[in-house]
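Novice: Attaching a single structure in structure tokens format; questions to follow.
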Amino acid sequence: MSEKKSRNAEYKPLLYTTTVRNPERIKYNLYVLKKFENQILTDDLATKIVGELISYGLYRPVKVSNEVKKIWKESSSGEFATKLLDKNNVEKIQKDNPQKHKEAGFDWGYPSRFATIFDLAKELGFVYFKIGEKIEFSELGNILAAIVKAQITANNEISVSFENPEKEQQVFLQSLARSQRSNPFVKVLNDNIPLLLLLQTIRLINFNGGKGISRQELPILLFWKDNNASSLYDRIIKLRKEHGFSPSDEVIIDICINEIMEGKYKKFEAKSIMQDYTDEFIRKMRMSGLISIRGAGRFIDINHNEDNKVDYILNNYSDYKHYDDEYEYFKYMSKIDTELIAQKSEPVTQEETNDLLSEWLKTYNWETIKLEMKNLATRKTSKDSVLKLLAAPVRLEFLTALAIKSKMEKVIVKPNYSSDDTGLPTSTAGGNKGDIECFENGNGILVEVTMSEGRTQTMMEIWPIQRHLADFIAENNFSAQCIFTAPTIFSDSKDQIEWVKDRKNLTIRDYPIEKFTEYLETAEKLYEEKL
């Protein structure tokens, strides 16, 4: 470890970032940054890049005009807006919203804001930047940025689609398998790879008759100083013997602060340690595809569909080299491990998928499903310990599959999202097929869902849906129709749906989310014989 780092570093709990809470949105920011690749980074360029993020609606300061508020209201914070803001709007927003922020190596204000927005992408090996040097994308960063396809119409409307979205999980898996706590980008003394420490500790617990690490115990891992999984396991077992599986927050905090940190960590809030840090950690780890959630959110376990990948990672990444130089660490982080990608997942059959949905219905009854779908429709956050960890698009696919299974017992429901061994989705369905395939009395019903509204919905959804439905019919050689649901159905979307019906003879039935749950409560069949 370098002398400078040794002098300034200290032990800290793990918190990747608070700026980009949903790791799925890193690819959006990288899409914009890609436009500036190979340019020499200056404070002025950093300010310009943040301005570009504002233009796309990916970064949204508070003080804006009513016109801008109206545009941004049509999409969720952290996602692309429906319309690109012009240069004058962006300049006014930046002038009206000075950033009281300072990061090492960057000027006060927007240059430092640039650093906070992209620091995690840098630490994970997706992009390298430094004032006075070229902005450099890694192979992993290029894959993430290429997933996003954004087109701007003559009226400055933004149309976004995704290409090969399944590659996002592959990228995060490789990055998290290498990501060291003690790296040149952060001043911490904690020395471990969080994903590996988690996997090793869970394996020890499971080998001795357990079923994963409890959510309450995770803060101990976040504070843990080294990579000794055996010692961490021993401490967790001691905790369980003394307090069972439901220790109080005070007990956990006492272990973290007074035992692990030896009383040297003073600034904290109980909620931050027990909830915020824990939620953020689980979201990041689930991006690897290796983590399952069990016991209605109480336990974090290994996704046994991916045991081959877990074995490979533990065999090849447990011994790791330390780096003092930022660029050398970036090059190490950015490599693609083709053998890791080649590790096969355990296939899940259609029958198993159906059974897993039925199991989840023991946790979520109809009233809960209906309420959570209404929350999505009205863009309210979920308070459920499991559902709140799923990004809204993934959550909508999962809840829609559960809703159909709950009310249409005879319908075979086959969601196309990637899932863990409990059936909980780890990412949305890929871009080359429909979201949920349903089979009923020899007929097919393709269910497509989206959180998009307004013009974005029309441009992003209807044409792919038409293609998915045509392919669904051709592959199965049966009569099929599509159900399309979203928080609201935009008028232009309805017009396109009518065009598809008239010109292509394809049936798309559109429902706002709340109308769709009402339909399920009263309908006898999912497939409509008479329309």
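Okay, so the sequence shown: first residue is 8 according to our numbering, each after it adds one. Backbone N, C-alpha and C fix where the C-beta goes; we use that ideal spot for every residue, glycine too. Quick caveat: nothing in here was measured; it's all calculated off a predicted structure.
(1) Can you list the beta strand (DSSP E) stretches of 3 or more residues lying completely in the segment 379-419, in chain order?
(2) Are the segment 261-270 and the segment 389-407 in contact at 8 Å, needing three or more beta carbon pairs?
(3) Quick check: the Cα distance between Glu313 and Lys194, rounded to an integer number of angstroms?
(4) DSSP three-state call for Ala493: helix, strand or coil?
(5) Any contact of the segment 228-243 with the segment 194-206, i.e. 3+ C-beta pairs under 8 Å?
(6) So what's Gly572 in DSSP terms, helix, strand or just coil?
(7) Round the Cβ separation of Ile165 and Ala88 to the nearest angstrom and send it over; I've been treating them as touching at under 8 Å.
(8) Per DSSP, what kind of secondary structure is Glu164 in: helix, strand or coil?
(9) Helix, strand or coil, according to DSSP, for Gln488 in the structure here?
(10) Which ranges does the beta strand (DSSP E) cover as unbroken runs of at least 3 residues, wholly within the segment 308-378, from first to last along the chain?
(11) Relative to the C-alpha of Ser62, which residue among Lys99, Ile280, Ile520 is closest?
(12) In the DSSP assignment, find the alpha helix (DSSP H) that holds Gly58 and state where it starts and stops.
(13) Below 8 Å on the Cβ atoms is my guess for Tyr284 versus Pro226; work out the distance and round it to an integer in Å.
(14) Is it buried or exposed, Asn73, if we count other Cβ atoms within 10 angstroms and call 16 or more buried?
(15) Quick check: what's the CA-CA separation for Asn315 versus Glu374?
(16) When the Cα of Tyr35 is compared with those of Ile298, Val167, Gln488, which residue comes out closest?
(17) Please classify Thr160 as buried or exposed, where buried requires at least 16 other C-beta atoms within 10 Å of its C-beta.
(18) Taking the beta carbon of Phe485 as the centre, do at least 16 other beta carbons fall within 10 Å, making it buried, or is it exposed?
(19) For the segment 486-499 against the segment 446-464, do three or more pairs of beta-carbon atoms, one drawn from each stretch, fall closer than 8 Å, so that the two count as touching?
(20) Would Ile411 and Leu533 qualify as a contact pair, given that the criterion is a beta-carbon distance under 8 Å?
(21) Sorted by chain position, which residues of the same chain lie with C-beta nearer than 6 Å to Lys537's C-beta, five sequence neighbours on each side aside?
(22) Would you mind reading off the limits of the alpha helix (DSSP H) that contains Gln177?
(23) Who are the Cβ neighbours of Tyr18 in its own chain at under 6 Å, not counting the five residues just before and after it?
(24) If distances are taken between C-alpha atoms only, which option among Arg474, Ala16, Met340, Ala408 comes closest to Lys440?
(25) Taking all protein chains shown into account, decide if Pro354 is buried (16 or more other Cβ within 10 angstroms of its Cβ) or exposed.
(26) Exposed or buried, Gly251, counting other C-beta atoms within 10 Å across all chains shown (16 or more means buried)?
(27) State yes or no: is the C-beta of Glu521 within less than 8 Å of the C-beta of Lys328?
(28) Assess, as a yes-or-no matter, whether the segment 32-49 is touched by the segment 125-137 under the definition of 3 or more beta carbon pairs within less than 8 Å.
(29) With 16 other CB atoms within 10 Å as the buried threshold, where does Lys109 fall?
(30) Ordered along the chain, which non-local residues of its own chain (more than five positions away) have a Cβ less than 8 Å from that of Lys156?
(31) Less than 6 Å between C-beta atoms, sequence neighbours within five positions excluded: which residues of the same chain meet that for Ala384?
Specialist: Let's see:
(1) none
(2) Not touching, per the Cβ criterion.
(3) Reading the sequence shown from its first residue, position 306 is the one you call residue 313. Reading the sequence shown from its first residue, position 187 is the one you call residue 194. Straight-line Cα distance between these residues: approximately 33 Å.
(4) Stepping through the sequence shown from its first residue, residue 493 is reached at position 486. Here Ala493 sits in strand by DSSP.
(5) yes
(6) Since the first residue shown for the chain is 8 and the last is 538, residue 572 is missing from the structure and cannot be characterised.
(7) Counting from one through the sequence shown, the residue named residue 165 turns up at place 158. Counting from one through the sequence shown, the residue named residue 88 turns up at place 81. Yes, they are in contact, since the Cβ atoms of Ile165 and Ala88 sit about 6 Å apart, within 8 Å.
(8) The count along the sequence shown starts at 1 and reaches residue 164 at position 157. Three-state result, Glu164: strand.
(9) The residue labelled residue 488 in the question sits at position 481 within the sequence shown. Looking at Gln488 - three-state DSSP - the assignment turns out to be strand.
(10) none
(11) Counted from its first residue, the sequence shown places residue 62 at position 55. Closest by alpha carbon: Lys99.
(12) Translated into the one-based positions of the sequence shown, residue 58 becomes position 51. Per DSSP, Gly58 is one residue of the alpha helix (DSSP H) stretching across 50-63.
(13) As a working note, residue 284 is residue 277 in the sequence shown. As a working note, residue 226 is residue 219 in the sequence shown. Correct: roughly 7 Å between the Cβ atoms.
(14) Position 66 of the sequence shown, counted from the start, is the residue given in the question as residue 73. Exposed, by the Cβ-count rule.
(15) Taking the sequence shown and counting its residues from 1, the one referred to as residue 315 is at position 308. Taking the sequence shown and counting its residues from 1, the one referred to as residue 374 is at position 367. Between Asn315 and Glu374, the C-alpha separation is close to 38 Å.
(16) Numbered from its first residue, the sequence shown carries residue 35 at position 28. With distances taken between CA atoms, Tyr35 lies nearest to Val167 out of Ile298, Val167, Gln488.
(17) Indexing the sequence shown from 1 puts residue 160 at position 153. Classification for Thr160: exposed.
(18) Within the sequence shown, the letter at position 478 stands for residue 485. Exposed, by the Cβ-count rule.
(19) yes
(20) In the sequence shown, residue 411 corresponds to position 404, counting from 1. In the sequence shown, residue 533 corresponds to position 526, counting from 1. Cβ distance < 8 Å, so Ile411 and Leu533 count as in contact.
(21) Position 530 of the sequence shown holds residue 537. Excluding residues within five positions, none has a Cβ falling inside 6 Å.
(22) If you number the sequence shown from 1, residue 177 lands on position 170. That run of the alpha helix (DSSP H) goes 174-185.
(23) As a working note, residue 18 is residue 11 in the sequence shown. Cβ within range, chain order: Leu196, Asn197, Lys232.
(24) Within the sequence shown, numbered from 1, the residue matching residue 440 stands at position 433. Among Arg474, Ala16, Met340, Ala408, the Cα nearest to that of Lys440 belongs to Arg474.
(25) Here residue 354 refers to the residue found at position 347 when the sequence shown is read from its first residue. With fewer than 16 other Cβ atoms within 10 Å, it is exposed.
(26) Locating residue 251 in the sequence shown gives position 244, where the first residue counts as 1. Flag for Gly251 reads exposed.
(27) Numbered from its first residue, the sequence shown carries residue 521 at position 514. Numbered from its first residue, the sequence shown carries residue 328 at position 321. No, the Cβ-Cβ distance between Glu521 and Lys328 is not below 8 Å.
(28) Look at the beta carbons and you see the segment 125-137 touching the segment 32-49: at least three pairs across the two are nearer than 8 Å.
(29) As a first step, residue 109 must be located in the sequence shown, where it is residue number 102. Its Cβ having fewer than 16 others within 10 Å, Lys109 is exposed.
(30) What you label residue 156 is simply residue 149 of the sequence shown in a count that begins at 1. Excluding sequence neighbours, Lys156 sits near Val167, Ser168, Phe169, Glu170.
(31) In the sequence shown, residue 384 corresponds to position 377, counting from 1. Pro494, Ile520, Glu521, listed in sequence order.
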